[in-house]
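Residue numbers (the numbering used here): 833 to 980.
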């Protein structure tokens, strides 16, 4: 069964967080599940991904503006050498800061590119999971859900 594994929406206690990282008990429609092929049942969100690089299935990408990153999040500056030349990530950051949050489907090659570009960036797990990157003074949270 092809299912979606959302990496970023559930905390260890089972609570969800909204775009700002504030805990909530409601499942947001846009990130709770993603459509599956005919006959497949969507999987509950919050499952840690088990796929490695090379996913042919793609996934869902979401970015959010974050006013208060979690205390345990490592916020990396967009000029950091680990992502300074990561053109796909830099474009996502710029678009998010200029136009607001993004939620979009991405194909396998886009997912692979994101994986490569974010490979050395610290990942925050738990209810406020994701990659936290400061772009032009604003913190952006990048969340990736993989189809499996």
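We treat Cβ as the ideally placed atom computed from N, Cα and C, and that holds for glycine.
| Asked | Found |
| --- | --- |
| For residue 973, which of helix, strand or coil comes out of DSSP? | strand |
| Is DSSP giving residue 1011 helix, strand or coil here? | With the chain running from 833 to 980 in the structure shown, residue 1011 is simply not present. |
| Give the single residue among 903, 896, 977 and 971 whose Cα lies nearest to the Cα of residue 944. | 977 |
| Which same chain residues end up closer than 7 Å to residue 937 when comparing Cβ atoms and leaving out the 5 residues on each side of it in sequence? | 890 and 892 |
| Let me make sure I understand the geometry here. Which of 959, 953, 948 and 957 has the alpha-carbon closest to that of residue 965? | 953 |
| Among the residues of its own chain, which have a CB less than 8 Å from the CB of residue 906, if the five just before and after it don't count? | 954, 956 and 964 |
| Could you give the distance in angstroms between the alpha-carbon of residue 926 and the alpha-carbon of residue 949? | 15 Å |
| How far does the alpha helix (DSSP H) with residue 967 in it extend, from its first residue to its last? | Residue 967 -> not in any alpha helix (DSSP H); beta strand (DSSP E) instead, spanning 963-967. |
| Name the one or two DSSP bridge partners that residue 934 has. | 895 |
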